[in-house]
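One line per chain: the protein sequences are L and S, in this order. Following my numbering, the numbering of the first sequence begins with 1 at its first residue and continues without gaps. Following my numbering, the numbering of the second sequence begins with 1 at its first residue and continues without gaps. Note that the Cβ used here is the ideal one computed from N, Cα and C, for glycine as well.
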Amino acid sequence: QQQVKQSPQSLIVQKGGISIINCAYENTAFDYFPWYQQFPGKGPALLIAIRPDVSEKKEGRFTISFNKSAKQFSLHIMDSQPGDSATYFCAARASNTGNQFYFGTGTSLTVIP
Amino acid sequence: NAGVTQTPKFQVLKTGQSMTLQCAQDMNHEYMSWYRQDPGMGLRLIHYSVGAGITDQGEVPNGYNVSRSTTEDFPLRLLSAAPSQTSVYFCASSYSLLGANYGYTFGSGTRLTVV
């Protein structure tokens, strides 16, 4: 059973557009929410993360929006570029199981020029 | 700094064979974990360790063993390989800040095929 549900599975966006990826969870022990970016043949790399006491965090073109009451969070990529084409994973840290991270199923983003 | 080093990068096993996937980190990180990545399934936690001598099971531990005798090394053992264990395996490590884990550094992965 997937503890973090991620959508969409794939996403195609025009260069300059906004990419939006959504995640939802139920486990109230989750207390930290990172996003990872993975290029083909590489391991995932930490992109940006948010704590649940903050509703939004922005780093450059990447923004996380967090809705604690709805148990949902999303990644927005502004001014999407072809170099952003990758697979994106949301994750959640469980404070009651050794501070381990549980991942969503991933979103394959393609930014077309 | 080498970061998280996984060996081998590719491996083909026959059903029933055993093998060990190696993972080493040179960042003195307390946390280490093994994940498997399968299409449509994302990354699933196999086993993890919060320090030398301490290991615990994740979401999908069956068929795998781990040990953590040193801070640097966290090998993953496949006891009797099955085709269902065909996957890409990632090792990851993280530092502990006041006991909390703020996100993993991943290795480059081992692509395992069991025939």
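Check whether residue i and residue j have beta carbons under 8 Å apart
i, j, result
"S118 of chain S", "Y31 of chain S", "Lying before the first or after the last residue shown, residue 118 of chain S is absent from chain S, which here runs from 1 to 115."
"Q11 of chain S", "L112 of chain S", "yes"
"I77 of chain L", "F62 of chain L", "yes"
"M197 of chain S", "G3 of chain S", "Because chain S is modelled from 1 through 115, residue 197 of chain S falls outside the range shown and cannot be assessed."
"Q2 of chain L", "G58 of chain S", "no"
"R44 of chain S", "Y89 of chain S", "no"
"L21 of chain S", "A81 of chain S", "no"
"F73 of chain L", "Y36 of chain L", "no"
"V60 of chain S", "P83 of chain S", "no"
"P8 of chain S", "T110 of chain S", "yes"
"Q6 of chain S", "C91 of chain S", "yes"
"S87 of chain S", "P75 of chain S", "no"
"Y102 of chain L", "A92 of chain L", "yes"
"T107 of chain L", "Q9 of chain L", "yes"
Per-residue DSSP class, three states only, for residue i
i, result
"P83 of chain S", "helix"
"P8 of chain L", "coil"
"D79 of chain L", "coil"
"D84 of chain L", "helix"
"K58 of chain L", "strand"
"R93 of chain L", "strand"
"Q17 of chain S", "coil"
"N22 of chain L", "strand"
"D115 of chain L", "In this structure chain L extends from 1 to 113, so residue 115 of chain L is not present and cannot be described."
"T63 of chain L", "strand"
"I36 of chain L", "Per the sequence presented here, residue 36 of chain L reads as Tyr, with Ile not at that position. Note: Y36 of chain L maps to strand in three-state DSSP."
"Q3 of chain L", "coil"
"G97 of chain S", "Looking at the sequence provided, one finds Leu at residue 97 of chain S rather than Gly. In the structure shown, L97 of chain S sits in a strand (DSSP, three-state: E or B)."
"A29 of chain L", "coil"
Through-space distance from residue j to residue i, alpha-carbon basis
i, j, result
"T110 of chain L", "I18 of chain L", "12 Å"
"C23 of chain S", "I54 of chain S", "16 Å"
"A100 of chain S", "G83 of chain L", "32 Å"
"D79 of chain L", "K42 of chain L", "24 Å"
"P113 of chain L", "Q81 of chain L", "8 Å"
"S69 of chain S", "T15 of chain S", "28 Å"
"D56 of chain S", "H47 of chain S", "6 Å"
"A29 of chain L", "Y102 of chain S", "15 Å"
Practice task
Pick out the complete beta strand (DSSP E) segments inside the segment 26-77 of chain S, 3 residues or longer, and give them in chain order.
Solution key: 31-38, 42-51, 54-57, 64-66
Handout entry: Cβ-based contacts, 9 Å cut-off: residues of the segment 22-55 of chain L near chain S
Key = D31, Y32, P34, Y36, Q38, G41, K42, G43, P44, A45, L46, A49
Problem - Against chain L: residues of the segment 38-50 of chain S by CB proximity under 7 Å - result: G40, M41, G42, L43, L45, Y48, V50
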